[in-house]
Amino acid sequence: MPEVTKRGAFVVIEGLDRSGKSTQCTLLLEQLRSAGVDVKLLKVPDRTTTIGKVIDSYLRKESELDDRAIHLLFSANRWEVASSIESSLRAGTLILCDRYAFSGLAFSSAQGLPYTWCRAPDAGLPAPDITLLLDVSPEAQAKRGGFGAERYEQTELQERVRAAFERVGDEMGGGGRWVVVDADAEQEAVARELWRHVEPLAQGTDEPLRRLWDEEEERRRVSELYL
Ligand code: DGP
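Here my numbering = 1-based position in the sequence shown + 6.
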């Protein structure tokens with residue numbers, strides 16, 4: 007077996023509904039595979055686990071749950087895949103993840119839950135090396151045929167989610183770990199833009215694997231910004 011020198015990169019694709027996120031994840035997966043990259047596509051929420059089935063029923067409006075209770079279940083669903091993300095990365099596999107903890111922050115805080123409360127249960131999850139946010143305008147969302155029947159698929163809430171994602175992006179700061187991609191553009195143009203950011207990570211990275219919302223790292227970043 008060849009010795010693994012670099013770990014795999016952790017790439018997250020986030021976005022609003024109707025942003026083309028699922029299509030772009032599939033295109034990116036194909037492009038990575040044809041470049042010979044060992045890659046695994048994950049999707050959270052994973053609706054197939056026991057917790058995921060409760061989430062699925064909630065999203066399809068077949069059951070009601072307290073906002074905080076469902077947020078904790080979404081977070082638990084992410085923790086269910088945390089150790090397999092970590093072991094795949096250490097084995098040199100690139101992980102491409104369709105949604106992650108940032109959706110949790112954006113969707114739950116858009117429902118009115120306190121931002122820092124929403125962040126807490128996901129603190130300590132493996133941190134992505136890059137998160138690409140597919141940002142779509144309300145006009146383009148409307149042009150793409152409106153929304154489906156699931157919970158959260160309504161214009162007014164999506165606008166609040168978009169604003170919440172903007173806050174998440176501001177707090178993530180620069181450094182290339184959070185990238186906003188104009189998802190109003192043509193499908194091929196969006197795919198090219200995603201590839202431009204992912205290609206440099208395709209063969210792995212020497213960076214240590216970080217944790218989400220690591221307080222010490224956060225303090226360092228804030229002091230670099232303001233002192
Ligand atoms: P999909 O990506 O199409 O399977 O949809 C999942 C939906 O759930 C989408 O509307 C975003 C939302 N979502 C994802 N994570 C969380 C979370 O942690 N909290 C809440 N409230 N919603 C979430």
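Glycine is no exception: its CB is placed at the ideal position from the N, C-alpha and C atoms.
Quiz item: Taking all protein chains shown into account, do 16 or more other C-beta atoms lie within 10 angstroms of the C-beta of residue 99, making it buried, or fewer, making it exposed?
Solution: Buried, by the Cβ-count rule.
Quiz item: With respect to 7 Å, is the separation between the Cβ of residue 77 and the closest non-hydrogen atom of ligand 1 below this value?
Solution: For ligand 1, at least one heavy atom lies less than 7 Å from the Cβ of residue 77.
Self-check item: Classification of residue 214 by the beta-carbon crowding that lies within 10 angstroms, buried from 16 upward
Solution: Exposed, because fewer than 16 other Cβ atoms sit within 10 Å of the Cβ of residue 214.
Quiz item: Considering residue 21, what are the terminal residues of the beta strand (DSSP E) in which it resides?
Solution: Segment 16-21, the beta strand (DSSP E) holding residue 21.
Quiz item: From residue 134 to residue 152, what distance separates their C-alpha atoms?
Solution: Spanning the two alpha carbons is a distance of roughly 30 Å.
Quiz prompt | residue 110: CB within 7 Å of a non-hydrogen atom of ligand 1 | solution = Yes, the beta carbon of residue 110 sits closer than 7 Å to at least one heavy atom of ligand 1.
Quiz item: Ends of the beta strand (DSSP E) at residue 219?
Solution: DSSP places residue 219 in no beta strand (DSSP E); its state is neither H nor E.
Quiz prompt | Collapsed DSSP secondary structure at residue 13 in the structure displayed | solution = If DSSP states are grouped into helix, strand and coil, residue 13 belongs with the strands.
Quiz prompt | Length of the line joining the Cα atoms of residue 25 and residue 105 | solution = So the alpha carbons of these two residues sit roughly 12 Å apart.
Quiz item: Can we count residue 65 as close to ligand 1, meaning its CB is less than 7 Å from some heavy atom?
Solution: Distances from the CB of residue 65 to the heavy atoms of ligand 1 include at least one below 7 Å.
Quiz item: In terms of residue numbering, what span does the alpha helix (DSSP H) encompassing residue 163 cover?
Solution: Residues 161-178.
Quiz item: What's the C-alpha gap between residue 186 and residue 146?
Solution: In this structure, the alpha-carbon of residue 186 lies about 16 Å from that of residue 146.
Quiz item: Can you tell me where the alpha helix (DSSP H) with residue 27 in it begins and where it stops?
Solution: Where residue 27 is concerned, the enclosing alpha helix (DSSP H) stretches over 27-40.
Quiz item: Which runs of the alpha helix (DSSP H) spanning at least 4 residues fall entirely within the region 54-139, listed in chain order?
Solution: Listed in chain order, the alpha helix (DSSP H) elements of length 4 or more contained wholly in the region 54-139 are 56-65, 73-96, 107-116, 121-125.
Practice problem: Inspect the beta-carbon positions of residue 47 and residue 111 and report whether they are closer than 8 Å. | Solution: Contact: no.
Quiz item: Around the C-beta of residue 36, are 16 or more other C-beta atoms found within 10 angstroms, so that it is buried, or is it exposed?
Solution: Taking a 10 Å sphere around the C-beta of residue 36, we find fewer than 16 other C-beta atoms and assign the residue as exposed.
Quiz prompt | residue 120 CB to nearest heavy atom of ligand 1 below 7 Å | solution = Every heavy atom of ligand 1 is 7 Å or more from the Cβ of residue 120, so no.
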